[in-house]
Each structure stands twice: as structure tokens, then as C-alpha cells.
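For the sequence shown, the numbering used here gives the first residue as 825, with consecutive numbering after it. See below for the structure under consideration.
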Amino acid sequence: MDIGVAYAIRGTTDVSGIEKQVASLSQLQWQQRPIRNACFSDRTTHGVTDSILFRHDWLPAYSKRGFKQLQHSIIDWCKRNHRQPHDMLPIMEERNSETRIYTFLDWVHWQHLLIPIISDLASTFESPKGVLTRAALVKLKAGATIPIHQDAQRMAQISHRIHIPINDCPDCVYSIGGQEFSMKQGNIYDFNNRWDHGVQNRGSVDRINLMLEYLPEPEWVYPTPLLLTGNA
């Protein structure tokens, strides 16, 4: 969302629990379910990242291959990459006036650490109908660069992009609208992804952020999530 400035700090949150859990992950675990790189992110800009995906919005209009269901898009990617799809498929679907939101298996394992952080974020908005549309841990490898770009999808116009640094990585430099800065661990950054932006990790430590998107005022929210049986 274009918030009128490069970024705003909405507050702080305790990331010590999730930092400890992240530190125990192997590279194999980071790459176990590459759902975000498979179906959501642009590999020309985000191919240098690894991620653990918890929630993501999706509509048929997002599909470059013309799929009507997200599950079919994931299954197609898995077939082309010679792997089984069962642990990559969503386990729950939620609907609102703007999009559909899918929850994935890793949410089950991480929710006890995520929910307090998400509650801290939600408390900074005066929007009782607000919806979390995306959630992922994203690792930008040491020495890697995400080139300057803009997020052009429709949800980028109406949702707040939030970054919360999980580890201390002062040599990771962000650029938004030509303004460069580093993020501090535990701060809640409202990140203007509608301006030209990019990231350079100039240090020797992988940068790990919790990336969230928050839709503050959907016109309606379907009251009951749909459990997608057989996908987990």
C-alpha cells in the first residue's frame, strides 16, 4: 500500500520465541515446502529468498497458466518439478470481499509463536474487521540482492505490507523511493511496496523477516473458514 512515506514504524513486538525456533532450522527445512517461490513470488525479483509460507491470498486472475483453483496450480508445479504435492497444498480457505486466503500446513506448527505477534500488529489498526492476508518467514541470503521493483498486484494497493525483522542484520540495506535504511529486530515496519523498492544484504548473516500483509477494511468477511480435507 502507498502509505505516503517510505515506511512507518507501527510499534514493536517480542520476537525472541520465533527467533529461537528459526535458529534451529536446517537449510533442508527452509526448502522443504517451497510454495511461495513455486506459485506466488516473481523469481526474477525474489528467487534469491527461501521462505516458510503460512498464509497467502489468491484468486484465479493471479494464475499465469489459467488455473481456476490454487490447488491445481500447486499440483502442476509439483508435477513439473517431480515431487509429491500433498504437503504443499492448502489446508484451509477463507473468503472476503476482496480475495480468498489460503492457510498452509506450517501454520499448524508455528501458530503459537505467530499469533502473539499478529495480535500486536492488529492492535495498531483501528479496524475490527481487519484480515491477515499473507504471512511468511522470508530469508534473504547473505550477499544477495532483491532488485528495485514495484508490487503491482491489486492487493498491494489496499493491503499494508508489514516487515518484522526476526534476527539482527544491520548490514541488510533497504531502499524505498531512493531512501536507504536498515531495520531493527522486533520493530513492526509498515513498508511502502507501491514505491520503487529493493533490498541488499551486504553482510555475512542471512536476513530473516516475518512478512505479513494486513487488509484493514474488507466490505465483508465470510464467517466460517472452509477446511480443505485431504490436503495435509
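A virtual CB, placed ideally from N, CA and C, is assigned to each residue, including glycine.
Three-way DSSP call (helix, strand, coil) for I827 in this model: The count along the sequence shown starts at 1 and reaches residue 827 at position 3. Three-state result, I827: coil.
DSSP bridge partner residues for V1023 (one or two, in chain order): Walking along the sequence shown from the start, residue 1023 turns up at place 199. In the DSSP output, where bridge partners are listed per residue, V1023 has I970, Y998.
Nonlocal neighbours in the same chain, by C-beta distance under 6 Å from D1030, ignoring five residues either side: Translated into positions along the sequence shown, residue 1030 becomes position 206. The answer, listed in chain order, is K963, K965, A966.
Beta bridge counterpart(s) of M1007 as assigned by DSSP: Taking the sequence shown and counting its residues from 1, the one referred to as residue 1007 is at position 183. Partner(s): none; M1007 has no beta bridge.
Status (buried if at least 16 other CB within 10 Å, exposed otherwise) for V846: Sequence index remark: in the sequence shown, residue 846 carries index 22 (1-based). Answer is buried; the Cβ neighbour count reaches 16.
Host alpha helix (DSSP H) of A959 (start-end): As a first step, residue 959 must be located in the sequence shown, where it is residue number 135. It is not in any alpha helix (DSSP H) - A959 instead sits in the beta strand (DSSP E) that spans 955–964.
N861 and V1045 closer than 7 Å at C-beta: Within the sequence shown, numbered from 1, the residue matching residue 861 stands at position 37. Within the sequence shown, numbered from 1, the residue matching residue 1045 stands at position 221. Result no, Cβ atoms of N861 and V1045 do not sit closer than 7 Å.
As assigned by DSSP and simplified to three states, the class of A1056: The sequence position of residue 1056 within the sequence shown is 232, counting from 1. Unreliable positioning characterises A1056 in this predicted model, as indicated by a pLDDT of 46, which lies under 50. A coordinate reading is not provided.
Residues that DSSP places opposite A832 in a beta bridge: Along the sequence shown, read from residue 1 onward, the residue named residue 832 stands at position 8. BP columns for A832 point to D1014.
Exposure label - F1005; buried when at least 16 CB within 10 Å: One-based indexing of the sequence shown puts residue 1005 at position 181. Per the 10 Å Cβ criterion, exposed.
Beta-carbon proximity of Y1038 to L956, cut-off 7 Å: Locating residue 1038 in the sequence shown gives position 214, where the first residue counts as 1. Locating residue 956 in the sequence shown gives position 132, where the first residue counts as 1. Closer than 7 Å, so yes.
Touch test, the stretch 1006–1025 against the stretch 825–834, Cβ-Cβ under 8 Å, three pairs minimum: yes
DSSP-derived helix/strand/coil call for W931: As a position in the sequence shown, residue 931 is number 107, starting the count at 1. In the structure shown, W931 sits in a helix (DSSP, three-state: H, G or I).
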